[in-house]
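**Q**
Numbering (the working numbering), first residue to last: 1 to 175.
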């Protein structure tokens, strides 16, 4: 009996890496270079040694994905809308996979990021609009509002990592 679709070790490693990125970015609001640039190095070794990306794509597709990821994220970084970790994560995703998977990751991730941003803004504004007597200082929402200044950015790396996991698992589940 063959293993289920998407159950190969490379996919499992990429999912574990994406989960580590998501957790770290969610908790610390930054993606360590060890996770993002380490993936660049690993992806480069795999490309050179096997002639394919870690997820089995042609090298041209992986390099096109990395270049495309840089092309769509660099303007956001230069205008301070994206963090450097988000850029490095998406480029690493491209090097590990292919351009269609990176495009799905970027699309799903930015849509999730937009949804999180809208929901968090709405939640914070609703909380702050409550009369002081209804604002419970020990509630989860109060703790979240206190540690989230209005200028704090959403953890887009978490959303991009979720987009990558969706891009990896949904086609495997549909197959």
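Even glycine gets a Cβ: it sits at the ideal position worked out from N, Cα and C. As the structure is a prediction and not an experimental result, all values here were calculated from the model.
Report the CB separation of residue 43 from residue 36 in whole angstroms; it is logged as a contact under 8 Å.
**A** That pair is no contact at about 11 Å.
**Q** Where residue 47 and residue 13 are concerned, what is the direct C-alpha to C-alpha distance, given to the nearest angstrom?
**A** One C-alpha to the other measures close to 16 Å.
**Q** On the premise that residue 19 lies in contact with residue 161, defined as a C-beta separation below 8 Å, what is that separation, rounded to the nearest angstrom?
**A** Right, their Cβ atoms sit about 7 Å apart.
**Q** Could you name the residues of the same chain whose beta carbon sits closer than 8 Å to that of residue 68, not counting the 5 residues immediately before and after it, in chain order?
**A** The residues are 94, 99, 102 and 103.
**Q** Mapping DSSP to helix, strand and coil, what is residue 118?
**A** Helix.
**Q** Measure the beta-carbon distance from residue 178 to residue 55 and round it to whole angstroms, keeping in mind my assumption that it falls under 8 Å.
**A** The structure shown does not extend to residue 178, since the chain is modelled only from 1 through 175, so no value can be given for it.
**Q** Around the Cβ of residue 60, are there at least 16 other Cβ atoms within 10 angstroms (buried) or fewer (exposed)?
**A** Exposed, since its Cβ has fewer than 16 Cβ neighbours within 10 Å.
**Q** Return helix, strand or coil for residue 244, following the three-state DSSP convention.
**A** Since the displayed the chain opens at 1 and closes at 175, residue 244 lies outside it and no answer follows.
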